[in-house]
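**Q** Same order as they appear, the protein sequences are chains A and B.
Going by the numbering used here, the residue at position 46 of the first sequence is 122; the numbering climbs one at a time, nothing skipped.
Going by the numbering used here, the residue at position 156 of the second sequence is 164; the numbering climbs one at a time, nothing skipped.
Structure incoming, see below.
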Amino acid sequence: MPSLPNLTADLGAVWLTFRLATVTTVLLLLIGTPIAWWLARTRSWWKGPVGAVVALPIVLPPTVIGFYLLLLMGPDGAVGRFTAWAGIGLLPFTFWGLVVASVFYSMPFVVQPIQNAFEAIGERPLEAAATLRAAPLDAFFSVALPLAKPGFLTATILGFAHTVGEFGVVLMIGGNIPDKTRVVSVQIYDHVEALEYAQAHWLAGGMVVFSFLVLLALYTLTGRKAR
Amino acid sequence: MRRLFIPLLFAACTAHADEVQVAVAANFTAPAKLLAAAFAKESGHKAQLSFGGTGKFYAQIRNGAPFDVLLAADDTTPARLEAEGAAVAGSRYTYAVGRLALWSAQPGYVDDRGAVLARGGFKHLAIANPKLAPYGAAAIEALTALKLLDAVQARFVRGENIAQAHQFVASGNAELGFVALSQVMQDGRLAAGSAWIVPARLHQAIRQDAVLLAKGRGKPAAEAWLNYLKGNAAQAIIKSFGYEI
C-alpha cells in the first residue's frame, strides 16, 4: 500500500470541498428556484436571454470564467469595487469568493432540472388549485413544489457534484490556500505536478468512486420515479 | 492565380518542414518567443513552443509527449530524464540562471531593498507553489534567510507556476509577489510597477537546464535549436530579460 504522509492536508481539502459544495448547493436552490419558476412560466421576450446566461457555464471553458471573475472581483473590477466599498474586501483567494464563483458555475445544473420539472407540471394543477381559492404562493408551495420533487432531487445532486468537480475556476481565483481555497481537485493537481502519484491516486480514485456513486444514486432514484 | 498560389504554398511548407517541438518553462516564455523568431530567420527551421510547469512537462514526456527539447525551470528534472533514459546523455547544459524579484504592479510599492516585506500592510503575497516551482522554492529560501517566513506565510497565495503568481500580482489581486525577474524585465529594464531584485546570496542559484529529449535525437532542427541557444545572439537576448548565464 502507498504511504499517506500528507493525510491531514488531504482530509482538509476533502472537508473544504464538502463545505463549499454544500453552501453552494443551498444557495443555488434558494436563488435557482425562483429563476427556474420564472423561466418555466414566463412568455416574456427576456426568457431567451436569461436562459442563455444561465446556460453559459456549460459551454464556456473554466479558464474564461476564472479569468473574467479574477478581473471582475479584483481591485479594478466592478464587483471588486463594490465589495471593497461595502467593506467585505476583495473576493479572490477567499472561501466566499469560491462560493460566488461556484454559484455561477453550477447554476445551469440546478436551474435546468427544476425548470424542466415545473414545465412538466403544466397549467392544469395550478388552475385547479386556483379554482379551490388557493393563493398563488400557497399553490406554489402545496402543489408545484411537491410535484417538482424529482427535479429538485436531480438539481441538488447535480449542483453538489458539479461543484465538487470544479477545477479550472478555483485554480484561477483560489490561490491554493490550505483550508480556504485548496479543494480536492487542486490538491490532486498538486500531487500530480509534484510527482506524488501514490497520494494523487488516493484522492483521484476516491473522486471516481464518489462520482460514480452519485450518478448511480441519481439514475436509480429518478429512474424509479419515472416508471 | 490559384495555379500559382498552391505550388507557392507547398514551397513555403517544405522550406519550414524541419520543426523542433520545445517544452518551455513558464518563466522563460517571453525570451523563448523572441528566440524562436530569431532562430527561424537565421536557420529556416521552426521552433514550436509549448509553455508550462516543468513538473507537468516531466509527466507528459515520460508518457510519450512529442517534445524534442526541454527548457526546464530547474536542473534536477533534465538530470532525472537523462537518468531515466528519456533524454540524450551528455546533451544537458545550463541555458540561463534565473533571478528572483519581489514585484508589485503599483509603482513605488516595493522599495529597492524589499523593506516592504518586514513593514507589512499587504493582504496577499503571491508566490509560485514552492512544491512545484523552483522560483517558489527560492522565494521560501529567501524569506527564511531574512527571518520573515513566519510573519508573511499566512498571507501567501500560491500560483500553480510562476506565470500564475505573476498574473495574481499583475491583476492587482495580490499587492505584491515573488516572480521571475524575466517576467517583469524587458530590454534590461523594469517594464512596469516596482520591484526589488532579490540578492542571489539569499537563495540557491536557480539553474535552468536544457536537454535534448529522446524524441529529438538525430533531428537536425533540434540540434540547431540547442546550438543556436548557446550562440552570442541568443545569449544577449536571454540576458536582456535579467537572466545570468
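Glycine included, each C-beta is placed from N, C-alpha and C at the ideal position.
1. Look at the alpha carbon of residue 214 (chain A) and the alpha carbon of residue 207 (chain A), and state the distance between them as a whole number of angstroms.
2. What number of angstroms, rounded off, separates the C-alpha of residue 210 (chain B) from the C-alpha of residue 154 (chain B)?
3. Is the beta carbon of residue 193 (chain A) less than 8 angstroms from the beta carbon of residue 139 (chain B)?
4. Work out the CA separation of residue 177 (chain B) and residue 113 (chain B) for me, nearest whole Å.
5. Specify the secondary structure class of residue 200 (chain A) as computed by DSSP and reduced to three states.
6. So that I know if they touch, is there some Cβ in chain B lying closer than 8 angstroms to that of residue 141 (chain A)?
7. Let me make sure I understand the geometry here. Which of B:34, B:252, B:70, B:85 has the alpha-carbon closest to that of residue 61 (chain B)?
8. So, using beta-carbon positions, are residue 189 (chain A) and residue 231 (chain A) closer together than 8 angstroms?
9. Hey, how far is the Cα of residue 182 (chain A) from the Cα of residue 273 (chain A)?
10. Mind pulling the chain B residues with CB within less than 7 angstroms of residue 247 (chain A)?
11. On a Cα-Cα basis, can you pick out the residue from B:167, B:199, B:51 that is closest to residue 185 (chain B)?
12. Contact criterion: CB-CB distance below 8 angstroms. Does residue 88 (chain A) meet it with respect to chain B?
13. Whose Cβ in chain A lies nearer than 8 angstroms to the Cβ of residue 112 (chain B)?
14. Please identify, using Cβ separations under 8 angstroms, the residues of the stretch 41 to 71 of chain B that lie next to chain A, in order along the chain.
15. Are residue 149 (chain A) and residue 167 (chain A) closer than 8 angstroms when you measure CB to CB?
16. How would you list, in chain order, the residues of chain A whose beta-carbon sits under 7 angstroms from the beta-carbon of residue 179 (chain B)?
17. So, residue 237 (chain B) versus residue 42 (chain B), is the Cβ gap smaller than 8 angstroms?
18. Within the continuous beta strand (DSSP E) that includes residue 217 (chain B), where are the two ends?
19. Determine the closest residue to residue 164 (chain B) out of A:254, A:245, A:226, with distance taken between C-alpha atoms.
20. Could you pull out every residue in the same chain whose Cβ sits closer than 6 angstroms to the Cβ of residue 264 (chain A), ignoring the five residues on either side in sequence?
21. Whose Cβ in chain B lies nearer than 9 angstroms to the Cβ of residue 168 (chain A)?
22. Could you pull the DSSP bridge partners for residue 202 (chain B) from this structure?
23. Anything in chain B within Cβ reach of residue 154 (chain A), meaning under 9 angstroms, just list it in chain order.
24. Does residue 197 (chain B) pass the burial test, meaning 16 or more other C-beta atoms within 10 Å, or should it be called exposed?
25. Under 6 angstroms Cβ to Cβ from residue 125 (chain B), same chain only, skipping five residues before and after it: list those, please.
26. By alpha-carbon positions, which one of A:146, A:161, A:108 ends up nearest to residue 131 (chain A)?
27. Cβ of residue 96 (chain B) within 8 angstroms of Cβ of residue 216 (chain B)?
28. Which of the three DSSP states, helix, strand or coil, is assigned to residue 272 (chain A)?
29. Check whether the Cβ of residue 242 (chain A) lies closer than 8 angstroms to any Cβ atom in chain B.
30. Using the Cα positions of residue 199 (chain B) and residue 91 (chain A), report the straight-line distance between them to the nearest angstrom.
31. Anything in the stretch 268 to 288 of chain A with a Cβ closer than 8 angstroms to a Cβ of chain B? List those residues in chain order, please.
32. Restricting to Cα atoms, I'd like to know which of B:89, B:193, B:45, B:76 is closest to residue 66 (chain B).
33. List the residues of chain B that residue 299 (chain A) touches, going by C-beta distances under 7 angstroms, in chain order.
34. According to DSSP, simplified to helix, strand and coil, what is residue 291 (chain A)?
35. Can you grab the Cα-Cα spacing for the pair residue 250 (chain B) / residue 191 (chain B), in whole Å?
36. Hey, quick one: how far does the beta strand (DSSP E) through residue 27 (chain B) stretch, first residue to last?
**A** In terms of the structure at hand:
1. 13 angstroms
2. 8 angstroms
3. no
4. 6 angstroms
5. DSSP places residue 200 (chain A) in helix when its eight states are reduced to three.
6. no
7. B:34
8. yes
9. 29 angstroms
10. 168
11. Ranking B:167, B:199, B:51 by Cα distance to residue 185 (chain B) puts B:167 first.
12. no
13. The premise fails here: residue 112 (chain B) is roughly 12 angstroms from chain A at the closest Cβ pair, so nothing lies under 8 angstroms.
14. 61, 63, 64, 66, 67
15. yes
16. 146, 147, 150
17. No, the Cβ-Cβ distance between residue 237 (chain B) and residue 42 (chain B) is not below 8 angstroms.
18. 214 to 220
19. The shortest Cα separation from residue 164 (chain B) among A:254, A:245, A:226 belongs to A:254.
20. 276, 279, 280
21. By Cβ distance, chain B contributes 132, 165, 176, 179, 181, 182.
22. B:112
23. Within 9 angstroms Cβ-Cβ: nothing; residue 154 (chain A) doesn't reach chain B, min ~14 angstroms.
24. Around the beta carbon of residue 197 (chain B), a 10 Å sphere encloses fewer than 16 other beta carbons of the protein chains shown; the residue is thus reported as exposed.
25. 156
26. Out of A:146, A:161, A:108, A:108 has the C-alpha closest to the C-alpha of residue 131 (chain A).
27. Not a contact, by the Cβ cut-off of 8 angstroms.
28. coil
29. Judged by the 8 angstroms Cβ criterion, residue 242 (chain A) is not in contact with chain B.
30. 42 angstroms
31. For the stretch 268 to 288 of chain A, the residues whose beta carbon sits under 8 angstroms from a beta carbon of chain B are, in order, 268, 269, 270, 271.
32. B:89
33. For residue 299 (chain A), no chain B residue has a C-beta closer than 7 angstroms to its own C-beta; the minimum C-beta separation is roughly 38 angstroms.
34. helix
35. Straight-line Cα distance between these residues: approximately 9 angstroms.
36. 27 to 33
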